[in-house]
Amino acid sequence: MNSLQHPETSLAPAVPWDAGAPEINGPATYGASPGKPFLYLIPTVGERPLRFAAEGLPPGLTLEAASGQITGQASTPGEYEVLLRAENPHGTAEKAITLVIEPDALALTPPLGWNSWNCFRREITAEKILGIAQGLVSSGLAARGYSYVNLDSGWQSPERGGPFNSIVPHEGFPDMARLCAQVHALGLKIGLYSGPYVVPWGTEGYGSTSGLMDTRFPAMTDYDRKYIGMNKHEAEDVAQWAAWGFDYFKYDWAQTDMELAARMSQALRRSPRDFVFSLTTSVQLADAAEAARLCNLWRANSDTGPVWESVVRNGFGNQQWNPYVGPGHWFDLDMTALLPRDGKQLSPPEHIAMFTCWALRPSPLLIDCVPQQLDAFTLSLLCNEEVLAVNQDPLGKPAATVLKDERFEVQLKPLADGSYAVGFFNLSEEPGPAPELNLARFSPWTEVRVRDLWAKQDLEGRWQKLSVPVEAHCAKLFQVSP
Numbered sequence: 146m147n148s149l150q151h152p153e154t155s156l157a158p159a160v161p162w163d164a165g166a167p168e169i170n171g172p173a174t175y176g177a178s179p180g181k182p183f184l185y186l187i188p189t190v191g192e193r194p195l196r197f198a199a200e201g202l203p204p205g206l207t208l209e210a211a212s213g214q215i216t217g218q219a220s221t222p223g224e225y226e227v228l229l230r231a232e233n234p235h236g237t238a239e240k241a242i243t244l245v246i247e248p249d250a251l252a253l254t255p256p257l258g259w260n261s262w263n264c265f266r267r268e269i270t271a272e273k274i275l276g277i278a279q280g281l282v283s284s285g286l287a288a289r290g291y292s293y294v295n296l297d298s299g300w301q302s303p304e305r306g307g308p309f310n311s312i313v314p315h316e317g318f319p320d321m322a323r324l325c326a327q328v329h330a331l332g333l334k335i336g337l338y339s340g341p342y343v344v345p346w347g348t349e350g351y352g353s354t355s356g357l358m359d360t361r362f363p364a365m366t367d368y369d370r371k372y373i374g375m376n377k378h379e380a381e382d383v384a385q386w387a388a389w390g391f392d393y394f395k396y397d398w399a400q401t402d403m404e405l406a407a408r409m410s411q412a413l414r415r416s417p418r419d420f421v422f423s424l425t426t427s428v429q430l431a432d433a434a435e436a437a438r439l440c441n442l443w444r445a446n447s448d449t450g451p452v453w454e455s456v457v458r459n460g461f462g463n464q465q466w467n468p469y470v471g472p473g474h475w476f477d478l479d480m481t482a483l484l485p486r487d488g489k490q491l492s493p494p495e496h497i498a499m500f501t502c503w504a505l506r507p508s509p510l511l512i513d514c515v516p517q518q519l520d521a522f523t524l525s526l527l528c529n530e531e532v533l534a535v536n537q538d539p540l541g542k543p544a545a546t547v548l549k550d551e552r553f554e555v556q557l558k559p560l561a562d563g564s565y566a567v568g569f570f571n572l573s574e575e576p577g578p579a580p581e582l583n584l585a586r587f588s589p590w591t592e593v594r595v596r597d598l599w600a601k602q603d604l605e606g607r608w609q610k611l612s613v614p615v616e617a618h619c620a621k622l623f624q625v626s627p
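Its first residue numbered 146, the sequence shown is counted upward by one per residue in the numbering used here.
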């Protein structure tokens with residue numbers, strides 16, 4: 146189907162992750178701090194067993210050839226050009242990547258993974274989390290680079306204790322260190338949630354402050370115990386989370402202020418482990434530069450739900466943040482809304498529009514479904530390596546709106562190889578043609594080659610202008626190059 150003639154967006158079926166010749170996925174750059182535990186699973190599709198090799202690894206890192214896991218502690222700062230290799234009886238694949246070993250050189254591309262909130266709400270246990278981690282592997286999502294398994298609120302108990310006087314997990318998490326080790330054994334990373342409220346959102350358990358109200362900070366007066374306590378426990382909590390083995394941390398409160406963010410950022414950076422730091426939910430534009438300095442991703446939006454209005458509200462109209470977005474610092478559009486909730490569900494075209502928007506932004510892609518239960522459409526949506534490559538492009542430039550009217554929006558994102566990704570969004574209720582894009586106005590070329598990324602197909606000929614029909618509440622995504 147010619148995507149310039151028909152409004153429907155065609156999705157190429159997901160390639161079986163455990164069949165055929167190997168292909169290495171994942172970003173072209175990855176960062177970690179020197180002297181801290183390192184873990185990277187080489188994301189690769191292809192028939193198992195695979196045999197992996199790596200040339201040029203930093204001192205202190207080693208590769209397990211059978212699993213494709215790179216582990217250890219890099220001892221010497223610097224940028225290392227590493228050649229990864231995977232082979233099986235069907236062939237050999239190679240991919241060159243840059244490993245950046247510098248303090249806090251984290252999230253050089255947006256994190257890919259899973260978050261528990263939309264999937265389980267507060268009903269989470271270690272058994273469920275381990276099952277999700279195993280599902281990321283068995284579904285082939287890990288082979289495409291989905292690497293984080295993140296607990297949202299719901300793990301906490303109303304108790305402090307242990308060697309660090311930290312938040313104690315409820316009985317559904319009898320051994321957090323064991324859970325972290327089990328997730329790491331799969332080559333994946335694991336994240337945790339808290340908030341500075343005495344009792345954070347989504348739990349009856351404790352947050353990272355306690356005691357009487359600290360009146361220097363605003364409180365949520367309409368909600369029980371949603372205030373900042375006089376006693377601050379960031380260092381105690383982070384010490385325990387690092388001892389357990391967590392890799393990612395989401396810090397959540399309304400009226401998100403930079404003083405509390407800085408306290409937590411300092412505790413995380415002083416810890417013996419790397420933590421990707423997610424700040425949510427109401428960072429102010431006036432604080433954008435400071436937020437980008439303190440954390441790896443931040444939100445200034447409400448939760449994304451499975452309704453079109455929510456996708457449009459969070460996904461569009463946020464380009465004032467573009468100057469602060471780049472490697473290590475991402476504007477977070479929130480987790481995806483793949484699952485139905487309260488009788489509401491996005492349609493397939495709306496899922497395509499959401500994922501296209503999140504990929505172009507580029508936003509972290511934290512999915513909200515059970516990997517073992519994915520249907521063919523959702524697998525094709527989540528496992529398109531070419532769309533994921535736009536999100537993970539090492540240049541890290543955010544998309545900008547270049548054309549817009551009352552129905553359509555056209556976004557352009559420069560890529561590291563000199564090409565551009567172009568998204569055409571129909572935000573209206575009826576199918577129709579998007580505004581014509583004259584490529585010479587926005588690129589150095591008068592004619593280009595065009596590839597439909599969702600369909601994984603090159604369009605015939607060379608093009609000076611793109612006039613694209615798009616169905617209602619949907620999007621198309623192209624790559625244009627000379």
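Using N, Cα and C, we set each Cβ at its ideal position, and we do this for glycine too.
- Under a 10 Å Cβ-count criterion, K377 is classified as buried, with 16 or more other Cβ atoms of the shown protein chains found around its own Cβ.
- Taken through DSSP and simplified to helix, strand or coil, V593 comes out as strand.
- Pairing A252 with V470 gives a Cβ-Cβ distance that is not under 8 Å.
- For W398, the uninterrupted beta strand (DSSP E) run begins and ends at 393-398, by DSSP.
- With 16 or more other Cβ atoms inside 10 Å of its own Cβ, G299 counts as buried.
- In summary, P194 is exposed, with fewer than 16 beta-carbon neighbours lying within 10 Å of its beta-carbon over all protein chains present.
- By the Cβ neighbour-count rule, R361 is exposed, with fewer than 16 other Cβ atoms within 10 Å of its own.
- DSSP places F362 outside both helix and strand once states are collapsed to three, so it counts as coil.
- Going by C-alpha positions, E616 is about 6 Å away from G577.
- Fully contained in the region 306-351 are the following beta strand (DSSP E) runs of length 3 or more, in chain order: 311-314, 334-339.
- Taking a C-beta distance under 8 Å as the contact criterion, K273 and Q218 do not qualify as a contact pair.
- Residue range 236-246 is occupied by the beta strand (DSSP E) that includes E239.
- Within the region 190-240, the complete beta strand (DSSP E) segments at least 3 residues long are 196-200, 206-209, 214-218, 223-233, listed from N- to C-terminus.
- Judged by beta-carbon spacing, M375 lies beyond the 8 Å limit of A399, meaning their Cβ atoms are not closer than that value.
- S423 is positioned such that its CB atom lies no closer than 8 Å to that of A387.
- In the three-state scheme derived from DSSP, where H, G and I count as helix and E and B as strand, N536 is classed as helix.
- Contact between the region 183-202 and the region 546-565 is absent: fewer than three C-beta pairs spanning the two stretches fall below 8 Å.
- Taking C-alpha positions only, W162 is separated from I169 by approximately 11 Å.
- Under DSSP, Q301 forms a beta bridge with P314.
- Setting aside the 5 residues that flank it on each side, N529 has no residue in the same chain whose C-beta is closer than 6 Å to its C-beta.
- Approximately 6 Å separates the beta-carbon atoms of S353 and E379; this is inside 8 Å, confirming the contact.
- Taking C-alpha positions only, A287 is separated from M358 by approximately 43 Å.
- C-alpha of A198 to C-alpha of S178: approximately 22 Å in a straight line.
- Cβ neighbours of S492 within its own chain (closer than 7 Å, five residues either side excluded): H618.
- Out of A566, P172, G205, the CA that lies nearest to the CA of T243 is found in P172.
- For the 8 Å CB-CB criterion, T426 and R408 do not form a contact.
- Going by beta carbons, W503 and L478 fall inside the 8 Å limit.
- In terms of Cα proximity to A159, the closest of D448, L202, F522, Q602 is F522.
- Per DSSP, P494 lies in no beta strand (DSSP E) segment; the continuous alpha helix (DSSP H) that holds it begins and ends at 493-505.
- Counting of Cβ neighbours within 10 angstroms places R289 among the buried residues, the total reaching 16 or more.
- Within the region 389-454, the complete alpha helix (DSSP H) runs of at least 4 residues fall at 403-415, 433-439.
- The Cβ-Cβ distance between P167 and E209 does not fall below 8 Å.
- For E495, same chain residues with a beta-carbon under 8 Å away, outside a window of 5 residues either side, are W453, V456, H618, C619 in chain order.
- Looking at the DSSP output, A579 bridges to nothing.
- Taking all protein chains shown into account, Q609 has fewer than 16 neighbouring C-beta atoms within 10 Å of its C-beta and is therefore exposed.
- For the 8 Å CB-CB criterion, F309 and E239 do not form a contact.
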